[in-house]
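Report on one structure; see the data block that follows.
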Amino acid sequence: MTAASKFKLLIFTILSLFAVNFTFANEHKGEATSHETEEEFNVGEMIMHHIKDAHEWHLWGGHDNSVSIYLPVILMDGGMKTFSSSHFYHGEHKTAVDHKTHEEISYMAGVGPAEGYALFHEKIYKMENGELSFEDGHAHNDRVNDFSITKNVMSLFFGAILILLIMGSVAKFYKKNGAVAPKGVAKFLEPIVIMVRDDIAKANIDKHKYHKYVPYLLTIFFFIWFNNLLGLIPFLPGGANLTGNISVTLFLAVCTLLVTVFSGNKNYWSHIFATPGVPVALLPIMIPIEVVGILTKPFALMVRLFANITAGHIIILALISIIFINKNMAWGGLSVPMALFISVLELLVAFLQAFLFAMLSALFIGAAVEEAHH
Amino acid sequence: MDLILPDYGLLFWTALVFICLLFILTKFIWKPILSAVNAREQKIAESLELAEKTKAEMKALQAANENLLKEARAERDAIVKDAKETATKMVEEAKQAAKTEADKLMASARQAIETEKGAAIAELKTQVAAFSLEIAEKVVRGELSSDDKQKALAEKLAGDINLN
Chain A
5 MTAASKFKLL IFTILSLFAV NFTFANEHKG EATSHETEEE FNVGEMIMHH
55 IKDAHEWHLW GGHDNSVSIY LPVILMDGGM KTFSSSHFYH GEHKTAVDHK
105 THEEISYMAG VGPAEGYALF HEKIYKMENG ELSFEDGHAH NDRVNDFSIT
155 KNVMSLFFGA ILILLIMGSV AKFYKKNGAV APKGVAKFLE PIVIMVRDDI
205 AKANIDKHKY HKYVPYLLTI FFFIWFNNLL GLIPFLPGGA NLTGNISVTL
255 FLAVCTLLVT VFSGNKNYWS HIFATPGVPV ALLPIMIPIE VVGILTKPFA
305 LMVRLFANIT AGHIIILALI SIIFINKNMA WGGLSVPMAL FISVLELLVA
355 FLQAFLFAML SALFIGAAVE EAHH
Chain F
8 MDLILPDYGL LFWTALVFIC LLFILTKFIW KPILSAVNAR EQKIAESLEL
58 AEKTKAEMKA LQAANENLLK EARAERDAIV KDAKETATKM VEEAKQAAKT
108 EADKLMASAR QAIETEKGAA IAELKTQVAA FSLEIAEKVV RGELSSDDKQ
158 KALAEKLAGD INLN
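Heads up: the protein sequence lines correspond to chains A and F, in order.
Here this note's numbering is used: the first residue of the first sequence is 5, the next is one more, and so on.
Here this note's numbering is used: the first residue of the second sequence is 8, the next is one more, and so on.
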């Protein structure tokens, strides 16, 4: 069986696993949508909607005739509750008045198994007396522990499967052929693996210690790169803004922080708590600065990846929006080439950000395991 | 604001997927790939080293060959020279011997010729003497066949004697 057909089979298996919860809908979404069609096209709202996580995977169509895959909702609220997100999207359309701004805010109250919960801005709240209360545009009700398979989680699964399949086929090539010149996918990916090993790990980490960190750096590099690329595909297996989600970049940055902190040797800690050459009187100032420094490095990693990828998605969406703002197809002549240009640039950014994340992680680890020079 | 606040659900799934991925990739994918690549790099390095060594060996071998050839050539030259000398000497000697022999032969031949010549001359002399006697006898017989002739002879002889 070829890799492609295996991949298809896996995708189908995963889709069928969730099939119970999936509903392909092609019907009206509540009553109140009719007046929305008359509303002005809101670019900001559309873009924010696209770069945020969702409980459905929107395929095509808008408002009345949208086709989506409804992803499973998993709630931890006194035991695990699972149901399809269609119970929200096809739930009861409710409105409430903001306590402060006195504006009318609409949200979706769940029906059936989702009874008692409400979906507002893709977040699930527990309703009190059958409604949500708002203040300054924010719901005041309790959040529920939401472990749903959201659009980003699905995309995360796709990314992981893609990495396993592609890298698996590379590994299989070497297992089968031994130490020979690479062919096929191996030929394409081997230089990248070697780049991570030599230019990222070996270049930044002590040459006797770098071996231990190569698998981590490779995983982080390929995880970010593949997911960045998946995010650039505008339809089903891609399109989610996974690596531009702060939760994901936060986790990756925390991983690098933990690896750095647990790899730190005596020399590293002595530079933080007793910086050589600094007078003792200055240490009370230096120590907090150095401790904050431990945290700012991964924090910068987190923000850099999040901001770069999110910005890329925003720019492409904004450029495409030119057509819809002007309500004229002819604007495509301007918007499409520009979006294409940015998309190509984003291919570079996808690689660059993965490279930078791995590179800086290696740099931090390298500093943590460095032996004293003096 | 939602955009920069982490979502615990996604954080949980990311952690789960990433940690699984890290373990699976490290155990089943990175290790075989890296070990194969390392093995190949080592093989290439070794092959290069071997090639370099072989090249040096070849060079040394070539130099040794050259030396050997030189020596052989010198030896050959010496042998040839020797042989030439010997041959010349032999020829010289042979020539000398031949010459001596020839001289000897010539001498003996000459001697033999001389002897033969002597013998022949002696023979000839004897013969001539015999013929002379015979002739003389015949002449004398003729001369003395008549009285007149005996007289004339005697007169002639007498005249010769006088003339002496």
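Using N, Cα and C, we set each Cβ at its ideal position, and we do this for glycine too.
Contact list for residue i against chain F, beta-carbon separation under 8 Å
i	result
A:THR223	PHE25, LEU28, LEU29, LEU32, THR33 and TRP37
A:GLU49	Residues of chain F passing the Cβ test: none, with the nearest at roughly 13 Å.
A:GLU194	ILE40 and VAL44
Residue i - containing beta strand (DSSP E), residue span
i	result
A:PHE124	121-124
A:TYR220	First-last for A:TYR220: 218-236, but that is the alpha helix (DSSP H), not the beta strand (DSSP E).
F:ALA137	Element bounds for F:ALA137: not the beta strand (DSSP E) but the alpha helix (DSSP H), 38-150.
A:SER72	71-74
A:VAL128	In the sequence as displayed, the identity of residue 128 of chain A is Ile instead of Val. From DSSP, the beta strand (DSSP E) with A:ILE128 extends over 127-130.
A:ALA113	108-113
A:HIS97	96-101
A:PHE87	84-88
First through last residue of the alpha helix (DSSP H) which encompasses residue i
i	result
A:LYS301	287-330
A:LYS270	270-277
A:ALA358	336-373
A:GLU60	First-last for A:GLU60: 60-64, but that is the beta strand (DSSP E), not the alpha helix (DSSP H).
A:LYS179	155-181
F:ILE26	15-31
CA nearest to the CA of residue i, picked from the options
i	options	result
A:ALA164	F:ALA129, F:ILE26 and F:THR93	F:ILE26
A:PHE239	A:SER159, A:VAL189, A:SER274 and A:MET171	A:SER159
A:PHE144	A:SER152, A:ILE319, A:GLU135 and A:ILE276	It is worth fixing the name first, because residue 144 of chain A is His in this sequence and not Phe. Ranking the options by Cα distance to A:HIS144, first place goes to A:GLU135.
F:LEU28	A:ASN271, A:ILE209 and A:PRO219	A:PRO219
F:LYS38	A:MET52, A:ASP146, A:ASP102 and A:GLY182	A:GLY182
F:ILE11	A:ILE329, A:PHE310, A:ALA372 and A:VAL47	A:PHE310
A:PHE177	A:ALA100, A:ILE329 and A:LEU193	A:LEU193
A:ALA362	A:MET306, A:SER339, A:VAL340 and A:ILE320	A:MET306
A:GLU374	A:LYS98, A:LYS270 and A:ILE324	A:LYS270
F:LEU18	A:THR247, A:SER72 and A:TYR111	A:THR247
A:PRO186	F:ALA104, F:VAL98, F:GLU123 and F:ARG47	F:ARG47
A:HIS125	A:HIS54, A:GLY281, A:LYS85 and A:GLU294	A:HIS54
A:ASP146	A:THR154, A:ILE128, A:ARG201 and A:PHE162	A:ILE128
A:ILE320	A:ASN330, A:VAL296 and A:VAL348	A:VAL348
F:ASN45	A:ARG201, A:MET171, A:LEU254 and A:MET84	A:ARG201
A:PHE161	A:PHE227, A:VAL174, A:ASP210 and A:VAL184	A:PHE227
A:ASN46	A:LYS211, A:PRO341, A:SER325 and A:PRO280	A:SER325
A:PHE151	A:ASP81, A:LEU338, A:LYS180 and A:HIS94	A:ASP81
A:GLY83	A:THR300, A:VAL148 and A:LYS331	A:VAL148
Cβ neighbours of residue i in the same chain (closer than 6 Å, five flanking residues each side left out)
i	result
A:PHE28	Here the model assigns A:PHE28 a pLDDT of 39, short of 50, so the residue's position is not dependable and the matter cannot be decided.
A:SER89	HIS59, GLU60, TYR74, LEU75 and VAL77
A:LEU367	ASN208
A:GLU31	Summary for A:GLU31: the model assigns pLDDT 37, below 50, so the residue's position carries little reliability, and this model does not support an answer.
A:ASN25	Interpretation of A:ASN25 is limited by its pLDDT of 40, a score under 50 that renders its predicted location unreliable; the figure taken from the coordinates is listed afterwards. Once the five neighbours on either side are set aside, the close Cβ partners of A:ASN25 are PRO76 and SER88.
Listed by chain order, chain A residues near residue i by CB distance under 7 Å
i	result
F:PRO40	The residue asked about is misnamed: residue 40 of chain F is Ile in this sequence, not Pro. Neighbours of F:ILE40 on chain A, chain order: VAL174, ALA175, TYR178 and VAL197.
F:LEU55	Result: empty, since nearest Cβ-Cβ is about 15 Å, beyond 7 Å.
F:ASP14	ASP57 and SER251
F:MET22	This sequence places Ala at residue 22 of chain F; Met is not what is there. By Cβ distance, chain A contributes PHE255.
Neighbourhood of residue i by C-beta, 8 Å cutoff - its chain only, sequence neighbours within 5 removed
i	result
A:ILE298	LEU261, THR264, VAL265 and ILE276
A:THR105	ASP140 and GLY141
A:PHE303	ALA257
A:ALA372	THR264, VAL265, SER267, GLY268, ASN269 and TYR272
A:ILE204	LEU221, PHE225, PHE359, ALA362, MET363 and ALA366
Within chain F, the residues that residue i reaches when beta carbons sit closer than 9 Å
i	result
A:TYR220	LEU29 and THR33
A:LYS56	ASP9 and LEU10
Beta-carbon neighbours of residue i, restricted to chain A and to distances below 8 Å
i	result
F:THR61	Within 8 Å Cβ-Cβ: nothing; F:THR61 doesn't reach chain A, min ~21 Å.
F:ALA58	The contacting residues do not exist; F:ALA58 stays about 17 Å from chain A at best.
Chain F contact residues for residue i, given Cβ-Cβ distances below 7 Å
i	result
A:ALA183	ALA43, ALA46, ARG47 and LYS50
A:PHE227	PHE25 and LEU28
A:ARG397	Residue coverage of chain A in this structure runs from 5 to 378, which leaves residue 397 of chain A outside it and unanswerable.
Cutoff 7 Å; reference residue i; Cβ partners in own chain excluding five residues on either side
i	result
F:VAL24	none
A:TRP229	ALA354, PHE355 and ALA358
F:TYR15	none
A:GLU108	THR99 and VAL101
A:THR154	ASP57, ALA58, HIS59 and LEU75
Residue i: contacting residues in chain A (beta-carbon distance under 9 Å)
i	result
F:ASP75	Looking at the sequence shown, residue 75 of chain F is not Asp but Leu. None at all; the shortest Cβ gap to chain A is about 41 Å.
F:LEU68	By Cβ distance, chain A contributes nothing, its closest Cβ being about 31 Å from F:LEU68, past 9 Å.
Contacting positions in the region 263-294 of chain A - beta carbon closer than 9 Å to chain F: Within the region 263-294 of chain A, not one residue has a Cβ closer than 9 Å to any Cβ of chain F.
Scan the region 242-264 of chain A for residues whose Cβ lies nearer than 8 Å to a Cβ of chain F and list them as they occur along the chain. Within the region 242-264 of chain A, the residues whose Cβ lies closer than 8 Å to any Cβ of chain F are, in chain order, ASN249, ILE250, SER251, VAL252, LEU254, PHE255, LEU256 and CYS259.
If the cut-off is 9 Å on Cβ atoms, which residues from the region 317-331 of chain A count as contacting chain F, listed in chain order? Under the 9 Å Cβ criterion, the region 317-331 of chain A contributes no residue.
For the region 76-91 of chain A, list every residue whose C-beta sits within 7 Å of some C-beta in chain F, in sequence order. Of all residues in the region 76-91 of chain A, none comes within less than 7 Å of chain F when Cβ atoms are compared.
Which residues of the region 149-174 of chain A have a Cβ closer than 9 Å to any Cβ of chain F? Give them in chain order. Near chain F, meaning a CB-to-CB distance below 9 Å, the residues of the region 149-174 of chain A are ASN149, ASP150, PHE151, SER152, ILE153, THR154, ASN156, VAL157, LEU160, PHE161, GLY163, ALA164, ILE167, LEU168, MET171, GLY172 and VAL174.
Any C-beta of chain F within less than 7 Å: which residues of the region 123-147 of chain A qualify? Cβ contacts with chain F: HIS125.
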